Each structure stands twice: as C-alpha cells, then as structure tokens.
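Chemist: Order-wise, the sequence lines are chains A and B. Residue 30 in our numbering sits at position 30 of the first sequence, and the numbers go up by one each step. To convert a position in the second sequence, counted from 1, into our numbering, add 415. I have a structure here, written as structure tokens, and I will follow up with some questions on it.
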Amino acid sequence: MHKSWLLYELKHYLNDKDVRIWNLLFPFIYLTGFFLALYNVSNGGGNIPFEAIPLTIVGETEQVQKIEDFLFEFDLATEISLDSTGKKDTVSDDTNKEEFLIKYLPAKDNDAASLLEDGKVFSVVHATEPIELEFLNRANELSVTVVQEVFSNYERVQKMGASIGKTIEDRAKKNPEEAESLKNLDFGEIMDSPEKLKERYLDLENRGNAISTDFAIYFAVIAYIAFFPMTAGVTVIEEVEANQSALGHRLSSSPVPKWKRFLAKLLPLAIFHTIITVFFYIYVRILGIDLGSKHVPIVLTLILTTFCSIFTGTAIGALFSNKKSIKLGLAIAIPLLFGFMSRMMNVPIDKMLQGKADFINQINPILQTSKVLYKLYADSDVSRIFPHIITLVLFVSVMIVLTVIGLRRQNYENV
Amino acid sequence: MKMSKLFFKVLYTKRISILMYVVMFSLLFSLLIKNAQNKSKDVTAEHVALAVFDEDESELSIALKEYLLEVNDEVTLTNDKKVVQDALYNEDLDFALWIPKGFEESFLAETQTNEARTKLQSSVSLEERYSIALDSQISNFLASYELHLISLGEKNEENNSIAVKKAVETSTSDIVLKAASGEQGSSLQLYLAYLPFTNYIIIAVLFLAIGEPMEVIDDPKVRARDLSSGYPNAKRNLGLVFAASVSAIGIWLILVLISGIMHGFQVFTDTYILLGLLSNFIHMLSIAALVLLLNQLVRKKGSSSFFSTMLSVTLAFSSGIFIPRTIIWKPMLKFAAFFPTYWDVSNSIMLSEAYVTDLNYAVYWKQVFIMILMAAVYFLLSIFIRSLRMKEESI
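See the structure below:
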C-alpha cells in the first residue's frame, strides 16, 4: 500500500510540466551553462597571471642610464618599441617578455607626457632624487604597488651599496691588515638576480596557494540548485489546504486528519528531491568539477539544503495562503537573492555585509552550504563544517515551526 | 489600442515580480559599485594585507616583521593554517608569512648551504602582484642584512645587531607618487562599470514583462476571439509591438532613474556616459526583439520564465558582466558574441578605458551597429515566423 501511495504521489507530482522543467531539467541545464562559462576555473582555479607593465624613464642621461642598467642587469625589464603606426608594442629582442615585470619604452622628455596620456605607458619614471613615479588618475592600484616596489628596490640597492661600501671602509681603517682581503670579499649569490634571492630566503616549493575565489561561484551555484525546489513545498501546502486548490478542498472533506495528509504529500516529494540531489551531485562529478573527495558529507549537506528549501516553501505556502502570485514570486526570488548574496554572480555581497549586517550571512542557507562545500574541499578536518550544519538545521527547524503555525491558523478559519 | 490595453492589463498582474527584480538588483549592484569607489583623488598604491607569524622572536625576525608591517596593512589572525587559508579565500588576507624558529641562527651558523638554511614559509593569494611586491621587500631586507653581516666579518651577536640596524636603515624608500594632470574620471568610470549589470536585469525582466503577456495574448482562444470579432490581425500585431516597446522602454527608464538616484544625475552630462546609455538603450531594444523572436519560436506556457532565468545568467556570465573576460572559456565567449549583450559590455569597457586613452569611435559605432543589426534580424524573423504560424493555423 505504501509503495503504491508513494508511486501515485510521485506520478501526480511529475505530471505537471512545470515541475518536470524546473525541478528536473533546469538544475542540470543551469549547472552546464555555468560549467561552460567557467571551464577554466573548474579545478580550483589558477594563478591570476601578471602582465608586464609598460613604462618610460625621463631625466638626466646619467641617471636614466643608471636605472636602465639596474633594470636590465637584474632581468626586471625588457625593451620594447612602438610599431610604425605607434599603436602596437613590439619586443626588440627575442626574449620572452612574459618573464619580466617591466616593458621599458625609451622616450624623450617631450614624448613622455603624450605616451602617458595615450595609454602607451602606465607610468613615467622621473629619474630625480628621490625618484618620482607619475601615473594617470585612477591607475590600477595594484600595478602602482608593483612599479613602486621595483623602483623602491632600486633606491634600496643604491643605499645598500653605499652602506656596505662604508662598512668595509670603516673595517679596513680599523684593521689595515685586512684591507687587501676586504677588496675581494665574496658575497656569493646574494648579488644575483631577484629570482635567486627569493629562492634563497623563501621556501617557494612548499608555498601555500589560496583556493581561487572564482571557485566560490561553483560552490554557490551547487548550493543554489540544492536550495531551488521551494515550489515543491508550496505545492504540498496548496494540495492540503482547502482554500488553496480544488484538490485541497476535495481532500479536506475526507476523514484523514490534515497532518496526515500533509505528511503523505510531503514524504514522497522529499524522497524524490533527495534522489534528484544525489543525481545532481553525480552530474557535478561527471562534468569534472572537483569538489574534493568527501562525497558523503557533501551529499548529506546538499540534501539538508534541499530540505531547507522544501520547508521554506511549505512555510511560504502556509503563511501566504490566498496570495498565489506572492507565493510564486517569493519561491523564485528568495533562492535567487540568497544565491546572489553567496557570490553566485561573483559579487562579494557577503563580504560587504560582514561587520555591518552579518546576521544576513548567518541566515543565508545557500551561503552556509557554500562555506561547507569550501571547507570540505580545502580541509581534512570535517568538524569545521559543524557550525554551518547547525545553522542549516536551525533554519529548517524555524521553517517547520512557521509551517505548523500557518497550518494551525488555517484550522480555525472558515474554509 | 485594444491590444495594448490588454497587454498592459496582463503586465499589471506581473508588476510585483518585475518590480522586485528591478529594484532589488539595481540597488544591490549600485551599492556594490559605490562600495568599490576609491575616495582618494590622488594616485595610491594598494597596500598588501599581510599577516606575519614570528616563531623565532629574534632581533632579526622582529625587525623584519616591523619593517614589513610598516609598509603593508597588518591583518591579525591566529596562527592556524586553516584560519589563514579561509582568510585568503575570503580575500581578507593577501600574504601570510611564517618566520620559523632558528631563522636568525641559520644566518649566524659558521657553515651553511642554501639547502640547509631555514627558510621563510608563506601562503599567498592567487593574484601574483601581491607576492611580487612582498617577495621583493623580504628578499631585499634579508639581502641587505646578510651583506652587512658578511662585510662586518665575524658572525657574533654584536655584528648581528649592527647588520639588523643597517638592514632597517637601507630598506626605507623615498619614492614619490604623483598624478598626471588630467580629467578625473573616477565616478564616471564607476557608472560605466555599473551599466553592464543593468543588462542582466533587462534580460531577466523583459522576458517577464513582454514574454509572459505575449503568452496570454497569443493563446489560441484569445486570438480566435479577437479575430472572429473582426479585429484586423495587422492592427492586433501593431498593438502588441507598440505595447512591448513601451514596456521595454519604460523598464529601461526606471533602471536609468534608479541609477541616477544612486550615482547622481550629474553623470548624465558626460559624453561617454551618454554614449554608454545609448549603447545600453540599443541593447535593450535588441533584447526586446529577441524576446519577441523566442516567444514565437517556443510557444509553450512557462517558456518565458525559463528563458528569463537561463538566458540572463548564461549571457551575464559568458559576456563578462559577472566575471572578467580573461577567465571565460574562449568558445563560450564566441557563443556570447552572437548576442547583443556581448557588444554592449564591450562598449562599456571601451568607454571606461576612454578616460585614460582616447575613444575609438569607429569601434564603438561598429558595435552599436551590430546590435541594431541583431535587433532588426530578430524582429524580422519574429514577424516572419508569426505570419507562417498564422497561415498554418488558419489552414
């Protein structure tokens, strides 16, 4: 009997074309669309590559020469020139220009300002003491940091050279017998290129890299799909309440209590959407989107999120009994809004709300699920997800309470 | 007029979901863009958000930490790799540095190879520019320290202190940043950064505002009732097109009004902004024509809400509205080029860069023309398919 009841409810639910399109097909099509657009990000993301910054240097010939020597000696820059149209830069030698921080375009004083205004160079370096770096307004601040660092480096090297020279001189004066050996002091590879220096002091092999924030989009999309079937909950209430549908009206005259009818409608849908969620996760893996290897916690979290969605739908259905357009509007808008606030559109709304209205982040089930997915991906310690799971359980509990309140309120109203 | 009245009556029943979309998303996008606004009018370098965990607590490590935190922004975190990883992921941190125990000792050891030396551990953001800046600062400080140590001769505590002091003295820099004279485009560029987001809203809303009323009006029973009353079919179609255009333009004007309230109406006096709005307007007309076409192609109830959700998100991502074009899969970018959204976003990007370089008007007008062409093709195709269907149904 139970089997036939389950099958009947399932058939009745899937008979609706909208259900087949929105709750069956849409999740897979939606994810596929994102996957195609974000194909490059599907494996945890990669480095955001650095593009060499074009600049020119002006000032006294001797000073300009010193800076040029510094840039070329330490492989910081490659020289470029403009083609005959003045529009495109070309590398003047065979060196791969992607290895360098700077693309150096030699120019005369009266050219420099127009090169900057036309956007041919990012900065004009004035070889004065101290060095002045000229940028256009609204120059990208991070690139300004890099240019500033390169030329700060130049100034430091000058100061360092002078300081070490003085130290050796003082030492030679103090110990004249060492004077000869001090002239040939071996500094080893410390005077080598910036790359070698980095390797000398920093453990680059074991350097930790962040997980791309763009990968958060995937977490948010998957969480959004898990939270999508809110209309299922709305449908359950519509078919139970006498004043919301003809079916509800007809069934209300049966001797079966409302709660039993409610559970009889809810259970098959819950089982169905649980199965869909599992299939959806399998599809995620088939597409090659890497969420890590903790399959069971991931699937259980997604199922919990689906339950949050269904009970949110039942709460909306129970509280807004006669307002069908509002129910439908909310069932579409709430997941979209929560998804949007969980970086689904790559917009860091959650970061903006941090510290100002953090409670909105706390009650956002899609954001909580997204954080669970991230922590399961990034970490071996599964216990880190417990605070978010507790939040989701609290959320579903509140929705169940609201559903009960809405249904009980209907008991005492005229049908 | 009769058709238009019916269209607007149906549209009125959808007003809540349409207004919800328009107001909610345009406010959210505006807030986001305004939040990104740099208040400073001068050229500024971005400071790296840095956390330093000093496990050595030696004279060298303390000096290194103080130096790095003077030139970068300190982020206080517990010394836990998971906490650091979360902070990097949330973009609260750009660079984390661990100075391990025995770091200073490894410099003072009599004999050492590069492999045996205690090295600094780090975790970094994927944005390479942060690590470029920090690696340079760290390497130069330590190189200065080590060079002074060697030049002082004996590696003892006294020389170590001197070397640390010299490293601190020689690591300062007096670089001056200055802005070239010229127009400040900051608030105007922000408005142009906001405009592409309205494309997402337009695509989502026009399917609801035009597609859904069309589904009702093109219902065979409604159509049969009108035609059997003697209402001319041509007048009917003209009324529908008029109503659809008025709805689309009305929604676009609401979006522009909201943007004016959020950014200030003075932005509308700027030439590049007006060109951006023109491109956005043409995009809106193209999308309205696309809605009419898809409505004729897929005459199923509920198809408009499906397209509204799917197409708006797909085009928003593949055209580079929500993510930079540099990370979009190239074939997907090529797919997006078949839709007007791609060309309007290209115009917005070009206009924003025009505050730094000159605007290439030829490219701008070419892209506007492509959108006009797309609008014309969509519209003509929709009329053609509609007339074919009419003939089939009358047979």
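The beta-carbon is built from N, C-alpha and C at its ideal position, and this holds for glycine as well. None of these values were measured; they are calculated from a predicted model.
Should residue 67(A) and residue 122(A) be called a contact, given that it needs their Cβ atoms to be closer than 9 Å?
Modeler: Their beta carbons are not under 9 Å apart, which means residue 67(A) does not touch residue 122(A) by this criterion.
Chemist: So for residue 488(B), helix, strand or coil by DSSP?
Modeler: Of the three classes helix, strand and coil, the one that applies to residue 488(B) here is strand, per DSSP.
Chemist: Taking all protein chains shown into account, do 16 or more other C-beta atoms lie within 10 angstroms of the C-beta of residue 707(B), making it buried, or fewer, making it exposed?
Modeler: Residue 707(B) comes out buried.
Chemist: Looking only at its own chain, which residues have a Cβ that is under 8 Å from the Cβ of residue 95(A), when we skip the five neighbours before and after it?
Modeler: The pLDDT assigned to residue 95(A) is 46, lower than 50, so where the model puts this residue is not dependable; a value taken from the coordinates is nonetheless given after this. Excluding residues within five positions, the ones whose Cβ falls inside 8 Å are 78.
Chemist: To the nearest angstrom, how far is the alpha carbon of residue 698(B) from that of residue 799(B)?
Modeler: Going by the C-alpha atoms only, they are around 22 Å apart.
Chemist: On the DSSP bridge assignment, give the partners of residue 513(B) in chain order.
Modeler: Answer by DSSP bridge pairing, in chain order: 468(B) and 536(B).
Chemist: Which residues mark the beginning and the end of the beta strand (DSSP E) in which residue 195(A) is found?
Modeler: That residue, residue 195(A), is in no beta strand (DSSP E); its alpha helix (DSSP H) goes 194-201.
Chemist: Between residue 344(A) and residue 224(A), which are expected to be in contact by the criterion C-beta below 8 Å, what is the C-beta distance as a whole number of angstroms?
Modeler: Yes, they are in contact, since the Cβ atoms of residue 344(A) and residue 224(A) sit about 6 Å apart, within 8 Å.
Chemist: I'd like the list of long-range same chain contacts for residue 548(B), defined as Cβ closer than 7 Å, with 5 residues on each side in sequence excluded.
Modeler: Closer than 7 Å at the Cβ level, and outside the excluded window around residue 548(B), lie 463.
Chemist: So, helix, strand or coil for residue 429(B), using DSSP?
Modeler: Looking at residue 429(B) - three-state DSSP - the assignment turns out to be coil, as it is neither helix nor strand.
Chemist: Please classify residue 289(A): does DSSP put it in a helix, a strand, or coil?
Modeler: Residue 289(A): coil per DSSP, three-state reduction.
Chemist: Short of 8 Å in beta carbon distance, which residues of its chain neighbour residue 393(A), apart from the five on each side in sequence? Order them along the chain.
Modeler: So the list reads 304, once near-sequence residues are dropped.
Chemist: If you reduce the DSSP assignment to three classes, tell me which class residue 356(A) lands in.
Modeler: Coil.
Chemist: Alpha carbon to alpha carbon, what distance is there between residue 376(A) and residue 652(B)?
Modeler: Approximately 56 Å between the Cα atoms of the pair.
Chemist: Do we get a CB-CB distance below 9 Å when we pair residue 37(A) with the residues of chain B?
Modeler: Cβ-Cβ to chain B under 9 Å: yes for residue 37(A).
Chemist: Can a CB atom of chain B be found closer than 9 Å to the CB of residue 402(A)?
Modeler: Chain B, which has no Cβ nearer than 9 Å to the Cβ of residue 402(A), makes this no.
Chemist: Compute the beta-carbon to beta-carbon distance between residue 233(A) and residue 431(B), rounded to the nearest angstrom, for a pair I have assumed lies under 8 Å.
Modeler: Wrong, their Cβ atoms sit about 20 Å apart, outside the cutoff.
Chemist: Select from the stretch 708-722 of chain B all residues with a C-beta closer than 7 Å to any C-beta belonging to chain A, and list them in chain order.
Modeler: Taking 7 Å as the Cβ-Cβ cut-off against chain A, the residues of the stretch 708-722 of chain B that qualify are 717 and 721.
Chemist: On the three-state DSSP scale, how would you describe residue 38(A)?
Modeler: Looking at residue 38(A) - three-state DSSP - the assignment turns out to be coil, as it is neither helix nor strand.
Chemist: Using a Cβ-Cβ cut-off of 9 Å, state whether residue 22(A) counts as contacting chain B.
Modeler: Yes - at least one Cβ of chain B is within 9 Å of the one on residue 22(A).
Chemist: With 16 as the cutoff for other CB atoms within 10 Å, does residue 97(A) come out buried or exposed?
Modeler: No answer about residue 97(A) holds up, because its pLDDT of 48 lies below 50 and its placement is not dependable.
Chemist: Assuming residue 251(A) and residue 261(A) are in contact, meaning their beta carbons sit under 8 Å apart, how far apart are those beta carbons, in whole angstroms?
Modeler: So it is a contact: roughly 6 Å between Cβ atoms.
Chemist: To the nearest angstrom, report how far apart residue 172(A) and residue 576(B) are at their CA atoms.
Modeler: Their backbone Cα atoms lie some 20 Å apart in a straight line.
Chemist: Can we say the stretch 787-799 of chain B touches the stretch 686-705 of chain B, given the rule of at least three CB pairs closer than 8 Å?
Modeler: At 8 Å Cβ cutoff, the stretches touch.
Chemist: Would you decide whether residue 265(A) is buried or exposed? Buried here means 16 or more other CB atoms lie within 10 Å of its CB.
Modeler: Burial call: buried.
Chemist: Starting from residue 536(B), find everything on chain A with Cβ-Cβ shorter than 9 Å and list it in chain order.
Modeler: Per Cβ cutoff of 9 Å: 202, 203, 206, 207 and 208.
Chemist: Please classify residue 201(A) as buried or exposed, where buried requires at least 16 other C-beta atoms within 10 Å of its C-beta.
Modeler: Buried, since its Cβ has 16 or more Cβ neighbours within 10 Å.
Chemist: I want to verify the contact list: residues of chain B whose CB lies under 7 Å from the CB of residue 81(A), in sequence order.
Modeler: Those do not exist, as residue 81(A) stays about 19 Å from chain B at its closest Cβ, beyond 7 Å.
Chemist: Rounded C-beta distance between residue 538(B) and residue 208(A)? I'm assuming under 8 Å.
Modeler: Correct: roughly 3 Å between the Cβ atoms.
Chemist: What residues are listed by DSSP as bridge partners for residue 126(A)?
Modeler: Looking at the DSSP assignment, residue 126(A) forms a beta bridge with 58(A) and 132(A).
Chemist: Please work out which residues of its chain come closer than 7 Å, Cβ to Cβ, to residue 747(B), disregarding the five sequence neighbours upstream and downstream, and give them in chain order.
Modeler: Once the five neighbours on either side are set aside, the close Cβ partners of residue 747(B) are 733.
Chemist: Quick one: Cα of residue 566(B) to Cα of residue 162(A), how far?
Modeler: So the alpha carbons of these two residues sit roughly 12 Å apart.
Chemist: Is the distance from the Cβ of residue 657(B) to the Cβ of residue 802(B) below 9 Å?
Modeler: Cβ distance not < 9 Å, so residue 657(B) and residue 802(B) don't count as in contact.
Chemist: At a Cβ threshold of 9 Å, is residue 548(B) touching chain A?
Modeler: Yes, contact with chain A.
Chemist: Any chance the stretch 238-246 of chain A sits against the stretch 356-373 of chain A, with 3 or more Cβ pairs inside 8 Å?
Modeler: In short, these stretches do not touch, since the Cβ pair count stays below three.
Chemist: Taking only the alpha-carbon atoms, compute the straight-line gap between residue 381(A) and residue 369(A) and give it to the nearest angstrom.
Modeler: Computed Cα separation, rounded: 16 Å.
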